[in-house]
Amino acid sequence: MSILDEWAERHIEKALKNGELSSLPGEGKPLVLDDNSHVPESLRASYHLLKNAGFLPPEMQR
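Printed below as a string of structure tokens:
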């Protein structure tokens, strides 16, 4: 584990211990991941068309 990973883990554990991560908005609800923010802007329209037609590239399938 890198030093950055260890730092992040310590801060997450501290926040959990202090209750800072409980009762957050959206807690217990599924994430909506259909925003395509991970798709380059130049490809979003074509990915949207493929998705609506039922033909998604493997990296877009869940």
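Take the sequence shown: its position 62, counting from 1, is numbered 62 in UniProt numbering, and each next residue is one higher.
Think of the CB as a built atom: it goes at the ideal place given N, C-alpha and C, for glycine as much as any other residue.
- request: Express the C-alpha separation of Leu-56 and Asp-5 in angstroms, rounding to a whole number.
  value: Position 5 of the sequence shown, counted from the start, is the residue given in the question as residue 5. Position 56 of the sequence shown, counted from the start, is the residue given in the question as residue 56. Asp-5 and Leu-56: Cα-Cα distance of roughly 33 angstroms.
- prompt: What's the gap between the Cα of Glu-13 and the Cα of Gly-26?
  reply: Position 13 of the sequence shown, counted from the first residue, corresponds to residue 13. Position 26 of the sequence shown, counted from the first residue, corresponds to residue 26. So the two alpha carbons sit approximately 20 angstroms from each other.
message: Please state the DSSP three-state secondary structure of Asn-18.
response: Along the sequence shown, read from residue 1 onward, the residue named residue 18 stands at position 18. Asn-18: coil per DSSP, three-state reduction.
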